[in-house]
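Numbering of the sequence shown is given in the working numbering, commencing with residue 3 and proceeding in unit increments. Beta carbons are placed, not taken as given, at the ideal position from N, Cα and C, and that holds for glycine. The next block holds one structure in the form of structure tokens; read it before the comments.
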Amino acid sequence: MTRPDNEDLEGRDRRGETRYITMAAIVGLVTGTIGSVFHLVIDRLSLWPSALGRHIDGPLLVAAAALVTMIVTVAMVAIVRRYAPEAAGSGVQEIEGAMSNLRTVHWRRVLPVKFFTGIGALSSGLVLGREGPTIHIGASIAAATSDYIKVSDTERRGLLGAGAAAGLACAFNAPLAAVLFIIEETHNQFPYNFRSYMGVIIAAFCSTVMTEVIGGKAPDFAMAVATPALLLLPAFVVLGAVLGVIGVALNASLMHVSGFTIALGKRAPYLAPAVIGLGIGALFILFPRAVTGGENVIVALAREHVVLSALLLLAVLRFITMVVSYSAGTPGGIFAPMLALAIAVGLAFGSVLDGFLPQDTAIPLAFGIAAMGGLFSASVRAPVVGVALTLELTGAYTMTLPLIATCVTANIAARWLGGQPIYEQLLERTLKQAGIHPERMPHRPESELG
Numbered sequence: 003m004t005r006p007d008n009e010d011l012e013g014r015d016r017r018g019e020t021r022y023i024t025m026a027a028i029v030g031l032v033t034g035t036i037g038s039v040f041h042l043v044i045d046r047l048s049l050w051p052s053a054l055g056r057h058i059d060g061p062l063l064v065a066a067a068a069l070v071t072m073i074v075t076v077a078m079v080a081i082v083r084r085y086a087p088e089a090a091g092s093g094v095q096e097i098e099g100a101m102s103n104l105r106t107v108h109w110r111r112v113l114p115v116k117f118f119t120g121i122g123a124l125s126s127g128l129v130l131g132r133e134g135p136t137i138h139i140g141a142s143i144a145a146a147t148s149d150y151i152k153v154s155d156t157e158r159r160g161l162l163g164a165g166a167a168a169g170l171a172c173a174f175n176a177p178l179a180a181v182l183f184i185i186e187e188t189h190n191q192f193p194y195n196f197r198s199y200m201g202v203i204i205a206a207f208c209s210t211v212m213t214e215v216i217g218g219k220a221p222d223f224a225m226a227v228a229t230p231a232l233l234l235l236p237a238f239v240v241l242g243a244v245l246g247v248i249g250v251a252l253n254a255s256l257m258h259v260s261g262f263t264i265a266l267g268k269r270a271p272y273l274a275p276a277v278i279g280l281g282i283g284a285l286f287i288l289f290p291r292a293v294t295g296g297e298n299v300i301v302a303l304a305r306e307h308v309v310l311s312a313l314l315l316l317a318v319l320r321f322i323t324m325v326v327s328y329s330a331g332t333p334g335g336i337f338a339p340m341l342a343l344a345i346a347v348g349l350a351f352g353s354v355l356d357g358f359l360p361q362d363t364a365i366p367l368a369f370g371i372a373a374m375g376g377l378f379s380a381s382v383r384a385p386v387v388g389v390a391l392t393l394e395l396t397g398a399y400t401m402t403l404p405l406i407a408t409c410v411t412a413n414i415a416a417r418w419l420g421g422q423p424i425y426e427q428l429l430e431r432t433l434k435q436a437g438i439h440p441e442r443m444p445h446r447p448e449s450e451l452g
């Protein structure tokens, strides 16, 4: 008598799994399509300084560019504040909060606001990444799907993770890193079961398929570098320690400066966005490599020989412009700007080391690639994702061992310096602003133990 009952339960379970996996695939396909359009529009609109330069030049061009970015920045901030305040910034912390049932994804307002204001903010020249908006867009598509097709709370949380993975996969054409990001970054919130796990993989896969159909198959920052000698591994450990310090400083700066602009906004609501827009717009003409998300900067630095002084200046400028751009309050992520900052630091480190070693022993580009994963690991505190993301982005699989050494060291150094993961800090502030008490906030086991 029990056998038919068991078979019936198994049948219902398989139908439920099929239904859930189909939903995850739909989320991935839609996210990949919308995210790819999002990227293509930004690429096209980001050419506006060149178009402006065909009509005016000199100081007038600098002033006009500054005015354009200021107007766009203020307008995007005004729209976000008026219609979807939670669309400001990256969105990753919003998804983590929603997966903990502490925040709600209001997808009806987040989707259009994040899409259109994200295009405006990123194409204006602000130093922000595309991955933040696409992650939030993917999770919003997942929330919409779970609203229209009734699911359990566990399935809803799993779909949010699947949507976020689809968004990251689309942003960087990196499905493996996207899956690992959910596993490593949201391990306190993600419901680990067969359905949810398979849903994340399938959503990331489907999103990447659509991304490659629309945008191409090559890694975003394809680079070729010879395998560094094993004797250089200690140098990558030192680089990781340096990046650990920079990562902690970067996180602290992001929190303090954005906190200052939030406080300032209560007295002068649009002063900070206006000043930031003016500065970023002027730099778009005067020093274009210091602004924008940094995708083109990464490719250029990898291909060109840039002197040490220029690399150090670029690193300082991009550190500052990234921090102030995020504090403006428009949609935008931190991954891409972080990678651009990191490659400048890594190339500078490699250039210094190159002067002390026999010719062709040190490979500056190898340190630039390793730094991309290392700074990510120090800030986000997800070393496995740092390794996988860098390998998928660059295609430089000869860098596996140096990347592991750099990312692990950067993560350890950041922890020993007392730094907290950036998204944990952003989520904590978001929840405090919403009046949620600290004891309800999710914390990583390392925070509890350390």
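Endpoints, alpha helix (DSSP H) assigned at residue i
| i | result |
| --- | --- |
| G281 | 273-288 |
| Q191 | Segment: none, Q191 is in no alpha helix (DSSP H) and carries neither H nor E. |
| V244 | 235-267 |
| M212 | 196-217 |
| L303 | 297-305 |
| S48 | Segment: none, S48 is in no alpha helix (DSSP H) and carries neither H nor E. |
For residue i, three-class secondary structure by DSSP
| i | result |
| --- | --- |
| P333 | strand |
| G1 | Absent from the model: residue 1. The displayed extent of the chain is 3 to 452, so no value can be given. |
| E426 | helix |
| A384 | coil |
| N175 | coil |
| L411 | Going by the sequence as given, residue 411 is Thr instead of Leu. Helix, per DSSP. |
| R291 | helix |
| D59 | coil |
| P230 | coil |
| L223 | Looking at the sequence shown, residue 223 is not Leu but Phe. In the structure shown, F223 sits in coil (DSSP, three-state: anything other than H, G, I, E or B). |
| I185 | helix |
| S311 | helix |
| L359 | coil |
| L419 | coil |
| A338 | helix |
| P447 | Below a pLDDT of 50, predicted positions are generally treated as unreliable, and P447, at 46, falls in that range; no measurement from the model is reported. |
| I365 | coil |
| S38 | helix |
| A345 | It should be pointed out that residue 345 corresponds to Ile in this sequence rather than to Ala. If DSSP states are grouped into helix, strand and coil, I345 belongs with the helices. |
| G375 | helix |
| S327 | helix |
| I438 | coil |
| S154 | coil |
| A166 | helix |
Own chain residues within Cβ distance below 7 Å of residue i, not counting five before or after
| i | result |
| --- | --- |
| A90 | V82, G331, T332, P333 |
| A342 | G296, V299, I300, R320 |
| M3 | The pLDDT assigned to M3 is 42, lower than 50, so where the model puts this residue is not dependable; a value taken from the coordinates is nonetheless given after this. Around M3: no qualifying Cβ. |
| L273 | L266 |
| V211 | G34 |
| P366 | L349, G352, S353, D356 |
| R286 | The sequence as given places Phe at residue 286; Arg does not occur at that position. Excluding positions up to five away in sequence, the list reads P51, A67, T71, G127, V293. |
| S260 | Y328, S329 |
| N413 | S379, A380, R383, P385 |
Own chain partners of residue i with C-beta closer than 8 Å, once the 5 adjacent residues on each side are dropped
| i | result |
| --- | --- |
| I336 | S92, L130, G131, G134, L256, M324, Y328, S381, I424 |
| I216 | G34, T35, S38, V39, L42 |
Close Cβ partners of residue i (< 6 Å) along its chain, the five nearest in sequence each way excluded
| i | result |
| --- | --- |
| T432 | Q95 |
| G160 | P193, S198, G201 |
| G279 | T71, M72, T75 |
| G30 | A168, A205, C208, S209 |
| F351 | L241, F369 |
| A515 | This structure does not reach residue 515, given that the chain is present from 3 up to 452, and the question cannot be answered. |
| S125 | I44, L47, S48 |
| A86 | R111, V112, V115 |
| T213 | G34, S38, C172, N175 |
| I2 | One cannot answer for residue 2 here, as it falls past the ends of the chain, which runs 3 to 452. |
| A180 | A167, L170, A171, A206 |
| V326 | I278 |
| G452 | Because the pLDDT of G452 is 35, which lies under 50, any placement of that residue in the model is unreliable, and the number read from its coordinates should be weighed accordingly. Nothing listed; no residue qualifies. |
- Message: For the pair the segment 219-235 and the segment 21-41, tell me if three or more CB-CB distances fall below 8 Å.
- Response: No, the segment 219-235 is not in contact with the segment 21-41.
- Message: Which runs of the alpha helix (DSSP H) at least 4 residues long sit entirely within the segment 67-152? Give them in chain order.
- Response: With a minimum length of 4 residues, the continuous alpha helix (DSSP H) runs that stay inside the segment 67-152 are 94-101, 109-125, 133-150.
- Message: Contact between the segment 20-37 and the segment 163-177 is defined here as three or more beta-carbon pairs at a separation below 8 Å; is this criterion met?
- Response: By the Cβ rule, the segment 20-37 counts as touching the segment 163-177, because three or more pairs are nearer than 8 Å.
- Query: Touch check for the segment 148-160 and the segment 175-186: three-plus C-beta pairs under 8 Å?
  - Reply: Per the Cβ contact rule, the segment 148-160 is not in contact with the segment 175-186 (fewer than 3 Cβ pairs under 8 Å).
- Message: Would the segment 399-410 count as touching the segment 371-380 if we require 3 or more Cβ pairs under 8 Å?
- Response: By the criterion of at least three beta-carbon pairs nearer than 8 Å, the segment 399-410 is in contact with the segment 371-380.
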